[in-house]
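Those sequence lines, one after another, are chains A and B. For the first sequence, my numbering begins at 17 and goes up steadily by one. For the second sequence, my numbering begins at 6 and goes up steadily by one. To start, the structure under review is shown below, and the notes come after it.
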Amino acid sequence: MAELHELTIHQALDALRSGGTSASALTEAYLARIERYDSSVQAYLNVTADRAREDARRADERRAHGEDAPLLGIPIALKDIFCTNGVETTCASRILKGFVPPYDATVVTRLADAGAVLLGKTNMDEFAMGSSTENSAFMPTRNPWDLSRVPGGSSGGSAAAVAASMAAGALGTDTGGSIRQPAALTGVVGVKPTYGRVSRYGVIAFASSLDQVGPFARDVADAALLLGVIAGQDPFDSTSLPEPVPDYVAATKRDLRGVRVGVPDEYFVAGMERGVETAVRQAIDTLTELGAEVGRVSMGHTPYALATYYLIAPAEASANLARYDSVKYGYRAPDVKSTIDAYLRTRAEGFGPEVKRRIMLGTYALSAGYYDAFYVKAQKVRTLIKADFDNAFNDFDVLVAPTSPTVAFPLGAKTQDPLAMYLSDVCTLPVSLAGLPGLSVPCGLSDGLPVGLQIVAPALGEEMMFRVAGAYERARGPLPTPPLA
Amino acid sequence: MAISREDVEHIAFLARLGLSDGEKQTFQEQLSGILEYMKTLTELDTSEIPPTAQVIPLTNVMRDDVVRPSLTREQVLANAPEREGDFLRVPPVLD
């Protein structure tokens with residue numbers, strides 16, 4: 017039998033339900049992995065070992081009383097963007113260092129109700145702004161496949177924790193690619209659901225018209241299971257959608273015969289690595305062999321998504337981050353003389369360079385004289401980008417494309433060039449602007465580093481997305497695990 | 006498109022963001038480069054296109070106005086940078 021940390025969530029649940037293992041044993045196995053490998057990977061900002069052991073003990077007790085639940089006894093990691101009652105939540109920012117939320121985010125409550133064990137809070141780019149997890153105020157996270165490379169971002173800690181088997185699954189957030197891109201770069205499955213599918217209550221806000229919560233997992237069925245637990249309407253988030261949550265796990269088991277798969281030309285961009293294109297094209301061939309009807313499609317506004325996103329997201333961020341005023345919570349600069357002095361110095365000392373850059377960019381785009389030329393212009397182009405998807409979905413059930421144009425890049429490679437870093441998300445940003453569900457599934461290695469295939473479905477089309485991902489994964493077969501020593 | 010140091014200072018003040026001289030210099034250069042790239046959007050004629058602010062079909066979600074459990078005063082004040090009794094303490098607003 018495989019070691020405990022090697023089990024997928026559904027395998028671990030089988031073992032727990034048959035009495036083959038306990039939540040406590042599973043939790044100790046993950047805590048031991050963290051103890052052994054996290055000093056080099058640096059996925060966790062805060063390992064909640066005592067809480068994990070207590071959660072596990074309660075899970076075992078519930079099971080001993082004949083109870084069951086969808087994740088009863090499964091150890092999970094949370095990006096440090098989710099408010100956790102009594103557990104420090106920093107968003108990897110100095111401005112929130114020491115902040116202990118007095119309530120749980122809805123997704124945290126739903127995981128707890130489902131019996132999950134909280135292993136800890138994972139590292140991220142500060143306020144989810146970045147594509148490499150190097151913008152954390154506290155430390156960079158390293159890619160378990162090659163410790164000299166980044167894990168992607170902004171949810172790089174959650175991705176690396178799952179890739180290195182330091183958690184059975186994890187949650188992240190995705191505003192422009194922050195789940196899908198790190199999933200691709202670390203060789204795990206990552207899902208950004210339809211905007212509104214998962215509650216954002218208790219999730220520290222970055223760009224409110226784009227932010228979505230989603231899972232990381234080691235296979236498609238696990239990701240489907242996790243999404244099923246966290247999805248659904250929430251009275252505390254008026255943007256959460258009322259549609260019932262279907263059985264995503266069942267969807268992963270269906271075949272592909274007759275499914276129409278579109279391949280958008282514009283996603284195979286200049287600058288894409290040859291090894292990435294090769295792996296993605298092979299995956300598309302596999303879909304054809306599985307009986308899917310694969311065809312090309314053109315989505316002409318795709319090249320404008322990057323500029324559109326980097327106006328809209330920073331504009332929304334500049335408004336959301338105005339709340340860090342050092343009054344009710346968070347850091348306050350010492351010896352401030354006046355309110356304005358408190359604002360200026362607290363924010364100067366509390367925010368890192370990328371957060372400041374985006375506040376500046378967003379404030380500029382919203383300022384008098386530039387609002388129409390930049391912000392409203394971007395909102396209009398957003399309409400065109402969404403229309404491209406609407407048109408494509410007249411002919412296709414899903415679209416497939418690379419998740420990232422490159423494999424994981426070395427630490428420091430893009431930190432001096434903001435635009436180069438922004439280009440990391442060129443394949444995921446349009447999907448976010450349209451509010452659509454997207455999933456990244458590993459589709460092979462290029463020079464020993466993982467490549468991700470992105471599968472995009474219409475709004476609330478998660479079942480079709482999981483169907484294609486599940487069928488592809490079965491045909492692909494197992495992949496190697498990271499060479500951690 | 007080039008933005009001036011005065012633009013940078015004006016925007017930073019609107020955002021209540023203190024910047025060092027070095028940051029002003031860096032942001033002047035970087036924001037000029039980024040905004041130049043944004044001008045690619047002007048290639049598109051959007052005169053007849055409505056803006057999209059959000060992508061979901063929901064509008065004006067209403068609920069009954071009923072009393073529900075809320076945080077205690079202690080919970081609300083627990084994270085305050087400075088407090089005085091049951092109040093948040095802030096620096097002087099007026100000189």
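Beta carbons are placed, not taken as given, at the ideal position from N, Cα and C, and that holds for glycine.
Give the range of the alpha helix (DSSP H) segment to which residue i is assigned.
i: A:Val392; result: Counting along the chain, A:Val392 falls outside any alpha helix (DSSP H), and DSSP gives it neither H nor E.
i: A:Lys372; result: Pro369 to Leu382
i: A:Phe482; result: Glu478 to Arg492
i: A:Tyr60; result: Element bounds for A:Tyr60: not the alpha helix (DSSP H) but the beta strand (DSSP E), Tyr60 to Val63.
i: A:Thr323; result: In the sequence as displayed, the identity of residue 323 of chain A is Ala instead of Thr. A:Ala323 -> alpha helix (DSSP H) spans Ala321 to Asn336.
i: A:Val343; result: Run containing A:Val343: none; DSSP gives neither H nor E here.
i: B:Arg10; result: Arg10 to Leu19
i: A:Gly244; result: Val236 to Ile246
i: A:Gly206; result: From DSSP, A:Gly206 is part of no alpha helix (DSSP H) but of the beta strand (DSSP E) over Val205 to Lys208.
Distance, Cα to Cα, residue i vs residue j?
i: B:Val66; j: A:Pro251; result: 10 Å
i: A:Thr191; j: A:Leu226; result: 5 Å
i: A:Gly366; j: A:Val343; result: 14 Å
i: A:Leu88; j: A:Thr302; result: 35 Å
i: A:Ala75; j: A:Met480; result: 33 Å
i: A:Asn159; j: A:Arg270; result: 33 Å
i: B:Leu82; j: A:Ala31; result: 45 Å
i: B:Thr51; j: A:Lys402; result: 14 Å
i: A:Ile50; j: A:Asn62; result: 11 Å
i: A:Leu452; j: A:Thr318; result: 14 Å
i: A:Val416; j: A:Pro117; result: 39 Å
i: A:Tyr347; j: A:Asn139; result: 19 Å
i: A:Val236; j: A:Arg361; result: 46 Å
i: A:Ser224; j: A:Gly82; result: 41 Å
i: A:Val447; j: A:Thr399; result: 12 Å
i: A:Arg165; j: A:Pro494; result: 23 Å
i: A:Pro426; j: A:Val442; result: 19 Å
i: A:Ser38; j: A:Val178; result: 20 Å
i: A:Glu44; j: A:Arg69; result: 8 Å
i: A:Arg492; j: A:Ala308; result: 15 Å
Using a Cβ-Cβ cut-off of 6 Å (strictly less than) and excluding sequence neighbours within five positions of residue i, which residues of its own chain qualify?
i: A:Val397; result: Tyr320 and Thr324
i: B:Leu93; result: Ala85
i: A:Ser314; result: Asp281
i: A:Ala65; result: Leu47
i: A:Ala247; result: Arg213, Val214 and Val261
So, helix, strand or coil for residue i, using DSSP?
i: B:Tyr42; result: helix
i: A:Arg363; result: helix
i: A:Glu142; result: helix
i: A:Ile25; result: helix
i: A:Lys137; result: strand
i: A:Ser462; result: strand
i: A:Lys95; result: strand
i: B:Asp70; result: coil
i: A:Val275; result: coil
i: A:Asp129; result: helix
i: A:Leu400; result: helix
i: A:Gln470; result: strand
i: A:Thr100; result: strand
i: A:Gly316; result: coil
i: B:Gln80; result: helix
i: B:Gly27; result: helix
i: A:Asp162; result: strand
i: A:Arg339; result: helix
i: B:Leu93; result: strand
By Cβ distance below 7 Å, which residues in the same chain neighbour residue i in space, the five residues on each side in sequence not counted?
i: A:Glu22; result: Ser181
i: A:Leu500; result: Tyr53, Pro160 and Ala180
i: A:Val310; result: Val277, Val279, Ile300, Leu303 and Thr304
i: A:Thr355; result: none
With hydrogens ignored, establish whether the beta-carbon of residue i is closer than 7 Å to any heavy atom of the ligand MN.
i: A:Gly169; result: In terms of ligand content, the structure shown is empty, and the ligand MN therefore cannot be addressed.
If you follow the beta strand (DSSP E) that residue i is in, where does it begin and where does it stop?
i: A:Glu309; result: Glu309 to Val313
i: A:Leu187; result: Gly185 to Asp190
i: A:Gly172; result: From DSSP, A:Gly172 is part of no beta strand (DSSP E) but of the alpha helix (DSSP H) over Gly172 to Ala179.
i: A:Leu415; result: Val414 to Pro418
i: A:Gly212; result: First-last for A:Gly212: undefined, no H or E at that position.
i: A:Pro231; result: Gln228 to Ala233
Under 8 Å Cβ to Cβ from residue i, same chain only, skipping five residues before and after it: list those, please.
i: A:Met145; result: Asn151, Ser170, Phe222, Ala333, Glu370, Val371 and Arg374
Please confirm if the stretch 81–96 of chain A is in contact with the stretch 163–175 of chain A, defined as three or more CB-CB distances below 8 Å between the two stretches. With a cut-off of 8 Å, the stretch 163–175 of chain A and the stretch 81–96 of chain A count as touching, because enough Cβ pairs lie within range.
Contact between the stretch 378–387 of chain A and the stretch 323–340 of chain A (3+ Cβ pairs under 8 Å): With the cut-off at 8 Å, the stretch 378–387 of chain A and the stretch 323–340 of chain A touch.
Check whether the stretch 466–473 of chain A and the stretch 289–309 of chain A are in contact - that is, three or more C-beta pairs closer than 8 Å. Cβ pair count under 8 Å is three or more, so yes.
Assess, as a yes-or-no matter, whether the stretch 65–85 of chain A is touched by the stretch 128–146 of chain A under the definition of 3 or more beta carbon pairs within less than 8 Å. Verdict: yes, contact present.
Three or more C-beta pairs below 8 Å linking the stretch 96–111 of chain A and the stretch 148–167 of chain A: Taking 8 Å as the limit for Cβ pairs, the verdict is that the stretch 148–167 of chain A does touch the stretch 96–111 of chain A.
Do the stretch 273–286 of chain A and the stretch 236–247 of chain A touch if we need at least three Cβ pairs shorter than 8 Å? Verdict: no, contact absent.
Taking 8 Å as the cut-off, does the stretch 187–202 of chain A touch the stretch 448–459 of chain A (at least 3 CB pairs, one atom from each stretch)? In this structure the stretch 448–459 of chain A lies against the stretch 187–202 of chain A, because at least three pairs of beta carbons, one per stretch, are closer than 8 Å.
Any chance the stretch 15–22 of chain B sits against the stretch 480–499 of chain A, with 3 or more Cβ pairs inside 8 Å? When Cβ pairs closer than 8 Å are counted between the two stretches, the stretch 15–22 of chain B is seen not to touch the stretch 480–499 of chain A, the count staying below three.
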